[in-house]
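Beneath this line is the structure, given in structure tokens, with notes to follow.
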Amino acid sequence: MVFIFRLFTFLALAGATLAQQDTAEDRCSKLPDKLILSKLTDPFTFYNKRPVRTKADWACRRAELAELIQRYQVGYLPSKSPTSVTGELLENGAFNVTVTEGEKNITFTAKITLPAEGDGPFPAIIGLSFPSITVPSDVAIISFPNDAIANQLGTSSRGSGLFYDLYGKDHSAGALIAWTWGVGRLIDALEKVPATKINAKRLGVTGCSRNGKGAMVVGAFEPRIRLTIPQESGAGGSACWRISDELKRRGENIQTASQIVTENVWHGAAFNSYTGQVGVLPFDQHLLTALIAPRAVLVEDNGGIDWLGPESVYGCQRAARSVWRALGIADRIGLSQPPSHNHCQLPEVSKPYVNAFIDRFLKDKEDVNTTVFYTGGDFKYEEKDWVDWDVPRL
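Counted the way mature numbering (1 follows the signal peptide of the UniProt record, and there is no 0) counts, the sequence shown spans residues -19 to -1, 1 to 375.
Right, here's the structure in full:
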């Protein structure tokens, strides 16, 4: 009888305890269905957790990010200038650039097309391979042979090209940063040869698709570029790795870090170790874009090609824009993302934006309005899922 009483008492107490737990849990907040485990990296906090409070701080944070992105993703630019760089203008606008490093030298040829009228010096757009944007008739075009500098013929082409002839096939640089080095040497030569009639202080860079990835990296790491116009650059360019991974998880047909390293050698070999865990990287592509600040960038995109990740581009560049906002110059970064159109074909709706950025930043027309952040996409992007920082006033 005593046993039965004790058993009844135990069960009664246990039931009361469980009821109390149920009541307590009812008062607890519920986890959301969608969890973002790794938000986009805060531009305004140093790696050591110190906050960015001034423009001088941003310059230091920028230098820190440039080091991190080279170390873990694109590979390193050579640490010192080459022994010599010379330029020679030939017939029909051919411009030979010869770079000497110690006892080695390489030569590559860019093609300069000057405006039909005027004496120059002219502002110029450097096109990786060639520009597929519409360039105004009073702006020179320089076609840059990036494939000669570093091949992009698949994963077997790592370490192949003129850059690696100088620095060795095992150099850490992927193709994108090798192209950046090449554009830097082109600018060195332009500065020394006034006969080109190019104003080397008024240069822009552009490229589309894979060359758009290159344009973004060139703009980020070559400070003499005043205007960067990456076109439909997707993964490795204007899209963020973290956002693209999440969209892939939801079923979108989108290029991710895991895929891109199986396609080509645009990034340094060190990046291969992180493509399946991009959330551990101390940066994302919004901070690659942010390296351009306070200079100007217009991201031209295509809202109708899923592989390019238009929603990822939109969210990524919104995050990047916070740096220009903090600097008080938000009209120096633009996004034009019309609905579907042919790949690398600049649609009519985008042409006024391109012209405005060129007018202001290459032709010094300061009164031109360059405020644009436009998408034709119907996205479910929510900034609170990805951004947990406040924008300071630097």
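Glycine included, each C-beta is placed from N, C-alpha and C at the ideal position.
DSSP-derived helix/strand/coil call for residue i
i: residue 199; result: helix
i: residue 274; result: coil
i: residue 180; result: strand
i: residue 304; result: helix
i: residue 249; result: coil
i: residue 193; result: helix
i: residue 361; result: coil
i: residue 133; result: coil
i: residue 205; result: coil
i: residue 114; result: coil
i: residue 98; result: coil
i: residue 173; result: helix
i: residue 36; result: helix
i: residue 331; result: helix
i: residue 26; result: strand
i: residue 267; result: helix
i: residue 294; result: helix
i: residue 41; result: helix
i: residue 227; result: helix
i: residue 139; result: coil
i: residue 310; result: coil
i: residue 161; result: helix
i: residue 219; result: coil
For residue i, the residue or residues it bridges with in DSSP
i: residue 317; result: 281 and 355
i: residue 125; result: 109
i: residue 70; result: 76
i: residue 91; result: 76
i: residue 234; result: Note: residue 234 sits in no beta bridge, so no partner.
i: residue 188; result: 211
i: residue 85; result: 82
i: residue 103; result: 179
i: residue 65; result: 81
Cβ separation of residue i and residue j, assumed to be a contact under 8 Å, to the nearest whole Å
i: residue 358; j: residue 284; result: 4 Å
i: residue 362; j: residue 296; result: 5 Å
i: residue 332; j: residue 115; result: 6 Å
i: residue 120; j: residue 144; result: The Cβ separation is near 28 Å, so there is no contact.
i: residue 341; j: residue 353; result: So it is not a contact: roughly 12 Å between Cβ atoms.
i: residue 183; j: residue 166; result: In fact, because the Cβ distance is near 19 Å, the residues do not count as touching under 8 Å.
i: residue 25; j: residue 274; result: Not really, about 12 Å apart at Cβ, beyond 8 Å.
Burial state of residue i (16 or more Cβ within 10 Å)
i: residue 191; result: buried
i: residue 221; result: buried
i: residue 371; result: exposed
i: residue 367; result: buried
i: residue 290; result: buried
i: residue 12; result: exposed
i: residue 365; result: exposed
i: residue 127; result: buried
i: residue 326; result: exposed
i: residue 91; result: buried
i: residue 282; result: buried
i: residue 56; result: buried
i: residue 223; result: buried
i: residue 209; result: buried
i: residue 321; result: exposed
i: residue 199; result: buried
i: residue -10; result: Its pLDDT being 47, under 50, residue -10 is placed unreliably by the model, and the measurement read from it follows with that caveat. Classification for residue -10: exposed.
i: residue 330; result: exposed
i: residue 292; result: buried
i: residue 37; result: exposed
i: residue 169; result: buried
i: residue 227; result: buried
i: residue 356; result: buried
i: residue 157; result: buried
i: residue 63; result: buried
Cβ-heavy atom distance, residue i to the ligand NAD, below 7 Å
i: residue 63; result: In the structure on display, the ligand NAD does not appear, and there are no ligands present to speak of.
Pair every Cβ in the stretch 130 to 144 with every Cβ in the stretch 214 to 229, then say whether three or more of these pairs are closer than 8 Å.
Pairwise C-beta distances place the stretch 130 to 144 out of contact with the stretch 214 to 229, as fewer than three of them are shorter than 8 Å.
Count Cβ pairs between the stretch 232 to 241 and the stretch 310 to 329 that sit closer than 8 Å; are there 3 or more?
Under the three-pair Cβ rule at 8 Å, the stretch 232 to 241 does not count as touching the stretch 310 to 329.
For the structure I just gave you, are there three or more beta carbon pairs, one from the stretch 187 to 197 and one from the stretch 82 to 94, closer than 8 Å?
Counting Cβ pairs under 8 Å, fewer than three are found: no touch.
Quick one: any contact between the stretch 328 to 339 and the stretch 300 to 308, if contact means 3 or more CB pairs under 8 Å?
Because the criterion of three Cβ pairs below 8 Å is not met, the stretch 328 to 339 and the stretch 300 to 308 do not touch.
Three or more C-beta pairs closer than 8 Å, one from the stretch 264 to 275 and one from the stretch 154 to 165: is that the case here?
Contact between the stretch 264 to 275 and the stretch 154 to 165 is absent, because fewer than three Cβ pairs lie under 8 Å.
Report yes or no: do three or more beta-carbon pairs, one from the stretch 107 to 121 and one from the stretch 192 to 199, lie closer than 8 Å?
Yes, the stretch 107 to 121 touches the stretch 192 to 199.
With three or more beta-carbon pairs closer than 8 Å as the criterion, would you say the stretch 244 to 256 touches the stretch 163 to 180?
Three or more Cβ pairs closer than 8 Å define a contact, and the stretch 244 to 256 falls short of that threshold against the stretch 163 to 180.
Three CB pairs or more closer than 8 Å across the stretch 249 to 267 and the stretch 41 to 58:
Output reads yes: the stretch 41 to 58 touches the stretch 249 to 267.
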